[in-house]
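Undergrad:
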Amino acid sequence: MSKGRTVTVRIPGDVCGVLAKNRQQGRGYLALFRAKDDFKGRARLMWRQLGEEPLTGKVRLTFTIFRGRALDPDGATWAMAPLIDGLKGEAFGDDDAVGVELGGVRFVTGKAWAGPMSVTEVRIEALDGG
26 MSKGRTVTVR IPGDVCGVLA KNRQQGRGYL ALFRAKDDFK GRARLMWRQL
76 GEEPLTGKVR LTFTIFRGRA LDPDGATWAM APLIDGLKGE AFGDDDAVGV
126 ELGGVRFVTG KAWAGPMSVT EVRIEALDGG
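Heads up: the sequence shown runs through residues 26 to 155, numbered per this note's numbering.
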C-alpha cells in the first residue's frame, strides 16, 4: 500500500522554454513533436533511475520549475503535459481525472537556474492506497 508515500523526480532541461503554450507559435509541428517526445523520454528515464515502485491509487502531481524567469502559470501548466505522459504507466497508473489531481505549479527563479541549469521537479504524492 502506498498511502502517504511521496516521490520527487527531477527532470533536467527547460521544458517551459520550449513547450509553454505562448512559446509554440511559429514553431513547426515536427519540432514541437520532437521536443514533447524528448521531455516525455526524460521524465520516464529519470523515474527509472530512481528505482522506485509505482504509486498505486490516486496521486497528486505538484510541479516546481527552476529556471531563470517565471512564466504565466497557465502556460507552464500546459508545458507539463509531456512530463505527465512520460510518468504515466511508470510512476502511477493512468493520467485521467480519477487517478491524478494537479497540485499546482511553482517557480524558483534566478540566474543560478538560467539556461542549461533549468530543472523541473515533479512531486508525486499518493492520496490513497487503492
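Heads up, the beta-carbon is just placed ideally off N, CA and C, and yes, glycines get one too.
1. Please classify Ala137 as buried or exposed, where buried requires at least 16 other C-beta atoms within 10 Å of its C-beta.
2. Do you know how far the Cα of Ile109 is from the Cα of Pro79?
3. Since Ala151 is in the alpha helix (DSSP H), which residue starts that stretch and which ends it?
4. How would you call Arg92, buried or exposed, if buried means at least 16 neighbouring beta carbons within 10 angstroms?
5. Can at least three beta-carbon pairs, one atom from the region 56-69 and one from the region 117-129, be found at a separation below 8 Å?
6. Using a 10 Å radius around the Cβ and a threshold of 16 neighbouring Cβ atoms, would you call Pro141 buried or exposed?
7. Nearest CA to the CA of Cys41: which residue from Ala151, Thr102 and Gly128?
8. Leaving aside the five residues before and after Val34 along the sequence, list all residues of the same chain whose C-beta is less than 6 Å from its C-beta, in chain order.
9. Between Arg69 and Gly111, how many whole angstroms is the CB-CB distance? I'm expecting something under 8 Å.
10. Can you give me the start and stop residues for the beta strand (DSSP E) that Pro37 sits inside?
11. Where does Leu75 land, buried or exposed, given buried means 16+ other C-beta within 10 angstroms?
12. Would you mind listing the beta strand (DSSP E) stretches within the region 59-119 that are 3+ residues and don't spill past its ends, in chain order?
13. Looking at the secondary structure, which residues open and close the alpha helix (DSSP H) in which Gly42 lies?
TA: This is what the structure gives:
1. If you number the sequence shown from 1, residue 137 lands on position 112. Around the Cβ of Ala137, a 10 Å sphere holds fewer than 16 other Cβ atoms; the residue is exposed.
2. Walking along the sequence shown from the start, residue 79 turns up at place 54. Walking along the sequence shown from the start, residue 109 turns up at place 84. Using only the alpha carbons, I get a separation of about 14 Å.
3. Against the sequence shown, residue 151 aligns to sequence position 126. Unbroken run through Ala151 is the beta strand (DSSP E), Val144 to Ala151; no alpha helix (DSSP H).
4. Reading the sequence shown from its first residue, position 67 is the one you call residue 92. Buried is the label assigned to Arg92, since at least 16 other Cβ atoms lie within 10 Å of its Cβ.
5. Result no; under three Cβ-Cβ pairs closer than 8 Å.
6. Within the sequence shown, residue 141 is the residue found at index 116, counting from 1. With fewer than 16 other Cβ atoms within 10 Å, it is exposed.
7. Locating residue 41 in the sequence shown gives position 16, where the first residue counts as 1. It is Thr102 whose Cα lies nearest to the Cα of Cys41.
8. Here the question's residue 34 lines up with position 9 in the sequence shown. Same-chain partners within the cutoff: Met71, Trp72 and Val147.
9. Translated into positions along the sequence shown, residue 69 becomes position 44. Translated into positions along the sequence shown, residue 111 becomes position 86. Indeed, because the Cβ distance is near 4 Å, the residues count as touching under 8 Å.
10. For the purposes of this step, residue 37 is taken as residue 12 along the sequence shown, with counting starting at 1. Segment Thr31 to Pro37, the beta strand (DSSP E) holding Pro37.
11. Within the sequence shown, numbered from 1, the residue matching residue 75 stands at position 50. Counting other Cβ atoms within 10 Å of its Cβ, Leu75 stays below 16 and is therefore classed as exposed.
12. Taking only runs of at least 3 residues, the beta strand (DSSP E) segments lying wholly in the region 59-119 are 84-92.
13. For the purposes of this step, residue 42 is taken as residue 17 along the sequence shown, with counting starting at 1. Residues Val40 to Leu44.
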